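Reading through the structure tokens given below for one structure.
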Amino acid sequence: MENTKNTIIYPGKKAMEWIRKWLDRRRVKALKLKVARMKIEAEAAEVEPLMPAVETISHRIRRERLVVLERAIEKIELQQTSGAQSSTCISNTGKM
Numbered sequence: 002m003e004n005t006k007n008t009i010i011y012p013g014k015k016a017m018e019w020i021r022k023w024l025d026r027r028r029v030k031a032l033k034l035k036v037a038r039m040k041i042e043a044e045a046a047e048v049e050p051l052m053p054a055v056e057t058i059s060h061r062i063r064r065e066r067l068v069v070l071e072r073a074i075e076k077i078e079l080q081q082t083s084g085a086q087s088s089t090c091i092s093n094t095g096k097m
């Protein structure tokens, strides 16, 4: 009998693709939650301006961060959709 406790079982190609897509979806969801939280914080900060000069700088920085995060989300979603389309094309032709 072989020692099965120390053997490592690697997932197949399809399983790895599923895991990668699942992780991408988790990242997108996490980014969307972060953007939503940042928007709420930005709105709350705009309601209570303490020092106008500092507030305008911090608001600009928050808006820039939100824009960057939203663009990142769009890029990840585009990669996911293009990846899904290319994998269906490969499976339809039967070539790898």
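Residue numbers for the sequence shown follow the working numbering, so the first one is 2 and each next one is one higher.
Yeah, the Cβ is synthetic: ideal placement off N, Cα and C, and Gly gets one too.
Everything numeric in this text was worked out from a predicted model, so none of it was measured.
Here A73 has L32 as same chain residues with Cβ atoms under 7 Å from its own Cβ, once five neighbours each way along the sequence are excluded. For G13, the secondary structure class from DSSP, reduced to helix, strand or coil, is coil.
Sorting R66, V69 and R26 by C-alpha distance to the C-alpha of Q81 places R26 at the top. Within the model, the alpha-carbon separation for E18 versus L24 is close to 10 Å. Here R61 has no same chain residue with a Cβ atom under 8 Å from its own Cβ, once five neighbours each way along the sequence are excluded.
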